[in-house]
Structures are given as structure tokens and as C-alpha cells.
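Have a look at the structure below, then the notes.
There are 4 protein chains.
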Amino acid sequence: MNITLKQAEALIEKAKSKAVELDTKMNISIVDAGANQVAFVRMDGAWLGSADIALKKAKTARFFDMPSGEIGKISQPGESLFNIEHSNGGLITFPGGLPLKNKDGEIIGAVGVSGSTVENDHAVASAAAQAM
Amino acid sequence: MNITLKQAEALIEKAKSKAVELDTKMNISIVDAGANQVAFVRMDGAWLGSADIALKKAKTARFFDMPSGEIGKISQPGESLFNIEHSNGGLITFPGGLPLKNKDGEIIGAVGVSGSTVENDHAVASAAAQAM
Amino acid sequence: MNITLKQAEALIEKAKSKAVELDTKMNISIVDAGANQVAFVRMDGAWLGSADIALKKAKTARFFDMPSGEIGKISQPGESLFNIEHSNGGLITFPGGLPLKNKDGEIIGAVGVSGSTVENDHAVASAAAQAM
Amino acid sequence: MNITLKQAEALIEKAKSKAVELDTKMNISIVDAGANQVAFVRMDGAWLGSADIALKKAKTARFFDMPSGEIGKISQPGESLFNIEHSNGGLITFPGGLPLKNKDGEIIGAVGVSGSTVENDHAVASAAAQAM
Chain A
1367 MNITLKQAEA LIEKAKSKAV ELDTKMNISI VDAGANQVAF VRMDGAWLGS ADIALKKAKT
1427 ARFFDMPSGE IGKISQPGES LFNIEHSNGG LITFPGGLPL KNKDGEIIGA VGVSGSTVEN
1487 DHAVASAAAQ AM
Chain B
1367 MNITLKQAEA LIEKAKSKAV ELDTKMNISI VDAGANQVAF VRMDGAWLGS ADIALKKAKT
1427 ARFFDMPSGE IGKISQPGES LFNIEHSNGG LITFPGGLPL KNKDGEIIGA VGVSGSTVEN
1487 DHAVASAAAQ AM
Chain C
1367 MNITLKQAEA LIEKAKSKAV ELDTKMNISI VDAGANQVAF VRMDGAWLGS ADIALKKAKT
1427 ARFFDMPSGE IGKISQPGES LFNIEHSNGG LITFPGGLPL KNKDGEIIGA VGVSGSTVEN
1487 DHAVASAAAQ AM
Chain D
1367 MNITLKQAEA LIEKAKSKAV ELDTKMNISI VDAGANQVAF VRMDGAWLGS ADIALKKAKT
1427 ARFFDMPSGE IGKISQPGES LFNIEHSNGG LITFPGGLPL KNKDGEIIGA VGVSGSTVEN
1487 DHAVASAAAQ AM
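Protein chains in written order, with this note's numbering: chain A, 1367 to 1498; chain B, 1367 to 1498; chain C, 1367 to 1498; chain D, 1367 to 1498.
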């Protein structure tokens, strides 16, 4: 049970449309069930530093099968997973990473989006996730 | 002078078509003039380990403005650039990486392909580079 | 649209003059539009550990097209980009990194300065950025 | 006993002049007695991938107090230091790195040059080293 490239490309198109609608320029990454990247695009003029962040958000979402921002809530000082970001070659734990599920609810990958506010990043990732 | 996402996506389609024609499954990476990744796809069933190789081939081709395989010829034991692969966080110096030039002959990025024999990798990268 | 070495060297001279004026010893790094280093100097007696920080500040400013310190404000515990520093091989998000713009307002690189208080680092980076 | 920034900048000017004379575009790095970078320039249009190589050549020359190419001779397959390049975060052991000595013959740093053939790289590094 793994996302296909065709599915990933369709999600990226959805994400790009949402990014344009929000007047933003995004980096968009899709990983599969094994947390390995399937497809990536950087929109013209999008932040260079957001490419790695988009990938790390997608990996983080699949590593723990939850939205990246959920991990960020419990990685704060004093919380149970403080500084979990040091694992796995670097996690990104603010919003913009979401697991991707098939019709049966099985996780088949994840999407990560970076290039604007975390609210916009999350909105674009959600547009992709909901298109599954 | 930088490749656009639209151009990168068109090259990836060309590369995918060539990969299908050769009955191969490829990882295809496009970087811009600054050697930063613009777009990437991994075809269904393509080797997982070839994603990083495709990116490193593209970076290598842009880092030195020549086909990755040209560097490999002179990085052999006893040759002038032996073990250059230890630089830049890891180079890949066998064929499959090619600079991308615009109509004026300026280098605006590079393509890297990995997933089959180096002959096939090079053929798919060439299909992309010639489509510029 | 990329900074030239001649421009970078002129900026470094401005930065060094400002550093002397402030009675500080600085590491000064200039990167181009692709976030690749163009020029670097470490003033005699400047902190050894600040060389990498100067480069990472310059890269951070170009990665996100804003002063490095702006990112630091929103990467604090509880803020929206907490622990973004784990991306891109390590960001530095306190002041001292600034984008460099040409006359048309296009970003053509960035400067990073480290070696004293963040106020002094920022003052020296500003002296360089304003000399563009 | 350490190279000063003023000395390093003078050597870089010598190296740039030699690079122009040879019709090449070079990356030039100077490290101090502690193998820490003092100054660096990338000439306009020089290979992006040669920045890291120039630094690694300079570090290699100071790490072992001999020309980088001397190490390359004994790091070949079957030789005594085979694959020493895996140490120290990556060595570069072909020509282009040279120790820098003061009048008393003490090593006070090293120069590394990359951007052309190893013969040209070595010639530009030599021009710098002889200017001490």
C-alpha cells in the first residue's frame, strides 16, 4: 500500500493550485509509506530554504503518522518530546506536514509544504491531503 | 538565468517517456543554476537508493558544468581527480548527470537520472537535456 | 542576477571598516543568489567558531529572503517556527544575516556577520547591505 | 605564528592575478596554522563545486604539512594511505593545496585552489605560496 507517482503528481497539482489561490510560492514534497521522497517541486521564486523543510515535514508526518504540527506541540520546552527534532537527521515539527490516507484509511505516504506562514503551509498541505 | 519549474516539469515528462521506452524505472532530479533542486520524481518501483544518486548527479553536473561521467573518467585511481567524490557532501561521478543550457548556451541548471545501467541513465538524461 | 566578486569584496571592506569602528573582530561571509559562498574573511583574532556562524547567517538570510533575526523571533519556544534551525544542515537565526538587493530591489545574495554581540553583528552586516 | 588576514588577502590577489594570466576562474581558500579558514574568494563564473574543494585542499595541506598532491600519491589503491580521504570530514588529495611558510620556515597556514586542471590549480597555489 503505497502512493503512486501518478497520485503524487495529482496531489502536487492540487497543492500548486491552492498555493496560487493564496498568492504564495511553495515547496511541495510527497513521500511514500517508507518515508522516501516520490515527488518534489519548488515553485518559481519560492524560498530556497523551504525545499529541505518541505521534505522534513513530509518525513516527520510519516515517521509518526500524524500532522507535523501535532509533534511540535509536545516538543516544546518542558513537554514530553522536547527536542525530538534532533532525531532522524532533523525533524520539522511545525504545521505543513500531513499523512496521506487511501480510501480504507491506510497511510500510504505524506505531504510536506513550506514557503509561507505555517497557516498557509498547512492549508496547501490540506488541499493535497483532501484530494486523496 | 535560471530554469523555471515549467521547464523542469517539461523535461521530467520527456525523461519519463524515454525511461518507459527503455523499459526502465528512473529517479529524475532537476537543479537550477545555483545547484538547488527544482523538481524531482521517482517512478513507481524505481530503486529507492537512486533518489539521492539522481540529485547528486544533477548537482555534480552543475558544480563543474560538465557531464557527471566526464568527472568519473578522471577520478579513477591514478587519475588527476582521484577521490574528488569526497567533496561537496558527496559527488556521483558516473554517467547520468548533464548540464542544461538555454538557447544562448548559458547553463541554467542540470538534470540527474538514476535507476538502471549508466548507459540507460545517460540516455534518459540526454532526452531531457536535448528537449531544452 | 547574482552578486559579483568585485561587489562582494567592496562590501567586505565596508564591513571591516565598520567592525574596526566598533572595536570588534568579525567573520564576514557573502553568498550569492543561489546561497553559495562568494567571499569570506576572518579578521585577525576573531572567534574561530564564528566563521561557520557567519556563513550560516548569510545562507539563512538568502534561504528565506529576510534578516536572519526575523526568523529567530518566530523560532522561539511556542512560536510558529520553533526549531526551524534543524533544517538545511543548520540555520543560524539570530541577527547578523541580511539579504543583499540591487538597485531594482532584486535579491542578489546575502551577507552574514559574526564575532561580537548580535547588535554589533547586525550593525556590521547593515553597513555592508547599505553599501550595495 | 599564524598568517594574518592582510597576508592572506595579499596572497589571494597574487593567486587571482595568476588565474587571470592562465585564463582560468578559480576558487581560492587560505587557512591558518589551526587549519581554520581565514579568507576565501570565488571568481565570477568559477565552478560552484570547487569552493569546497579549495577549502579541503588547503586543510589537507595543513593537516599533514605537505602539498595535497603528495598525499594523493600514497592514497592510491594498494598504497599505504589508501582512502585517507575518508578522514576529517573529507580530504582532497590531488594537487592545488600547499603549506604556507614564513621567513623562518615555520608553517603558518595553507592555500587551496580549485577551478581548472590540477596543473593550473597547482600553478595558482604556487604563485600564492611563493609570494609569502
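C-beta atoms are modelled at their ideal positions from N, C-alpha and C, and glycine is treated no differently.
Bear in mind the structure is a predicted one, so any value in this text is a computation, not a measurement.
- Shown here for residue 1393 of chain C: same chain residues with a beta carbon closer than 6 Å to its own, the five before and five after excluded, namely 1408, 1412, 1416, 1417, 1420, 1480 and 1481 in chain order.
- Less than 8 Å divides the Cβ of residue 1369 of chain B from the Cβ of residue 1475 of chain B.
- Cβ neighbours of residue 1406 of chain D within its own chain (closer than 6 Å, five residues either side excluded): 1395.
- Closer than 8 Å to the CB of residue 1377 of chain B there is not a single CB belonging to chain A.
- For a cut-off of 8 Å, the C-beta gap from residue 1431 of chain B to residue 1378 of chain B is around 21 Å, too long to register as a contact.
- In the structure shown, the three-state DSSP call for residue 1442 of chain A is coil.
- The shortest CA-to-CA distance from residue 1458 of chain C to any of C:1477, C:1372, C:1390 and C:1386 is the one to C:1477.
- At a C-beta separation below 9 Å, residue 1400 of chain C has these neighbours in chain B: 1368, 1398, 1399, 1400, 1401 and 1402.
- The beta carbon of residue 1495 of chain B lies closer than 7 Å to those of 1464, 1466 and 1477 in the same chain, with the five residues before and after it left out.
- In its chain, beyond the 5 residues on either side, 1497 have a beta carbon closer than 8 Å to the beta carbon of residue 1376 of chain A.
- By the Cβ-count criterion, residue 1404 of chain C is buried, with 16 or more other Cβ atoms from all chains shown falling within 10 Å of its own Cβ.
- According to DSSP, residue pairing for residue 1466 of chain B in a beta bridge involves B:1475.
- For residue 1451 of chain D, the C-beta contacts it makes with chain B under 7 Å involve 1449 and 1452, in order along the chain.
- With 16 or more other CB atoms across the displayed protein chains lying within 10 angstroms of its CB, residue 1384 of chain D is buried.
- Between residue 1410 of chain C and residue 1371 of chain D, the CB-CB gap stays under 8 Å.
- Distance from the CA atom of residue 1451 of chain D to the CA atom of residue 1388 of chain B, rounded to whole angstroms, is 37 Å.
- The beta-carbon distance between residue 1441 of chain A and residue 1454 of chain C, rounded to whole angstroms, is 19 Å. This is too long to meet the 8 Å contact definition.
- According to the DSSP assignment, residue 1418 of chain B belongs to the alpha helix (DSSP H) that extends over 1416 to 1430.
- Within its own chain, the residues whose Cβ lies closer than 6 Å to the Cβ of residue 1391 of chain B, once the five positions on either side in sequence are excluded, are 1409, 1411, 1412 and 1481, listed in chain order.
- Classified as exposed, residue 1470 of chain A has fewer than 16 neighbouring CB atoms from the shown chains inside 10 Å of its CB.
- Residue 1493 of chain C is not a Cβ neighbour of residue 1422 of chain C, given a cutoff of 8 Å.
- Residue 1397 of chain A places its beta carbon less than 8 Å from that of residue 1428 of chain A.
- In the DSSP assignment, residue 1378 of chain A falls within the unbroken alpha helix (DSSP H) covering 1371 to 1387.
- When rounded, the separation of the alpha-carbon atoms in residue 1439 of chain C and residue 1402 of chain B is 26 Å.
- The Cβ of residue 1414 of chain B sits closer than 8 Å to at least one Cβ of chain A.
- If you look at residue 1393 of chain B, you'll find it isn't in any alpha helix (DSSP H); it sits in the beta strand (DSSP E) that goes 1393 to 1398.
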